[in-house]
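Position one of the sequence shown corresponds to residue 83 (this note's numbering), numbered consecutively onward.
Think of the CB as a built atom: it goes at the ideal place given N, C-alpha and C, for glycine as much as any other residue.
Worksheet: the structure to be examined is printed underneath.
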Amino acid sequence: MLNTNSVRELRLEIDITEFIFTINRLRIQRVDVLDHIKKLKKQLIREKRKLTRKVKNSNNSIKNLEKIQKIENKIENVYNDYMNQCISIVIKNNPTSILIIENNQSHPQKYDEFVKKIKVRCRIYGIEFKTVKTYA
Numbered sequence: 083m084l085n086t087n088s089v090r091e092l093r094l095e096i097d098i099t100e101f102i103f104t105i106n107r108l109r110i111q112r113v114d115v116l117d118h119i120k121k122l123k124k125q126l127i128r129e130k131r132k133l134t135r136k137v138k139n140s141n142n143s144i145k146n147l148e149k150i151q152k153i154e155n156k157i158e159n160v161y162n163d164y165m166n167q168c169i170s171i172v173i174k175n176n177p178t179s180i181l182i183i184e185n186n187q188s189h190p191q192k193y194d195e196f197v198k199k200i201k202v203r204c205r206i207y208g209i210e211f212k213t214v215k216t217y218a
């Protein structure tokens, strides 16, 4: 008779800047999201360049600042949506424990945000949470 309560451990690696999510060596890369982020970053650079040519504290510069803030919010929303989708994929697999492998992260703030979110979800669903640091 098989033991149905066997330990199901998921190993996770995430590269937030390249939108690569790895579950037990199965890589999922969201190229569509990556293209969308590149487009938004180009828009952001353009708007910042326009802002440098404006007179300070004029109506045009204020409008330009609002555009920049909107674009930055869109970029932040894309990152948050991606992290939440990754976490929901993990939770749907019903693991008993989750092991996150920490590599050198180019955006440690976003990575820390991901770890915090997944820790909360693990606490809610009663999943054991572990991290392993592998710095080369």
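Inset, instruction - Return the CA-CA distance between T134 and R90, expressed in angstroms with no decimal places. - result: Between T134 and R90, the C-alpha separation is close to 54 Å.
Legend entry - Contact between the region 196-216 and the region 124-131 (3+ Cβ pairs under 8 Å): Contact between the region 196-216 and the region 124-131 is absent, because fewer than three Cβ pairs lie under 8 Å.
Inset, instruction - Have a look at I153 and L126 and give me their C-alpha separation to the nearest angstrom. - result: Those two C-alpha atoms are separated by around 6 Å.
Legend entry - Endpoints, the alpha helix (DSSP H) within which K212 is located: No alpha helix (DSSP H) contains K212, which is instead part of the beta strand (DSSP E) from 210-215.
Legend entry - Three-way DSSP call (helix, strand, coil) for R107 in this model: Three-state DSSP puts R107 in coil, outside helix and strand.
Legend entry - Reference C204, options E195, Y193, P177, closest by Cα: Taking only the C-alpha atoms, the option nearest C204 is P177.
Legend entry - Contacts around K136, its chain only, beta-carbon distance under 7 Å, and the 5 residues preceding and following it disregarded: Non-local beta-carbon contacts of K136 in its own chain, meaning distances under 7 Å to residues more than five positions away in sequence, involve N142, S143, N146 in chain order.
Legend entry - Whole-angstrom distance between E148 and S88, CA atom to CA atom: Its pLDDT being 47, under 50, S88 is placed unreliably in this model, and the coordinates cannot settle the point.
Legend entry - 6 Å CB neighbourhood of N85 in its chain, flanking five on each side removed: Because N85 carries a pLDDT of 38, less than 50, the predicted location of this residue cannot be relied on, and the following value inherits that uncertainty. Counting only Cβ-Cβ distances below 6 Å, and skipping sequence neighbours, we find nothing.
Inset, instruction - Answer with buried or exposed for I182, where buried requires no fewer than 16 other C-beta atoms within 10 angstroms of its C-beta. - result: So I182 counts as buried.
Inset, instruction - Would you identify the three-state DSSP class for I171, choosing helix, strand or coil? - result: Helix at I171.
Legend entry - Test item: CB-CB of Y161 and I110 under 8 Å: Not in contact: Y161 and I110 (Cβ atoms no closer than 8 Å).
Inset, instruction - Could you pull the start and end residues of the beta strand (DSSP E) that R77 belongs to? - result: Nothing can be reported for residue 77: it is not among the residues displayed for the chain, which extend from 83 to 218.
Legend entry - Residue from R93, L92, F101, L94 whose Cα sits closest to the Cα of H189: Closest option to H189, Cα to Cα, is F101.
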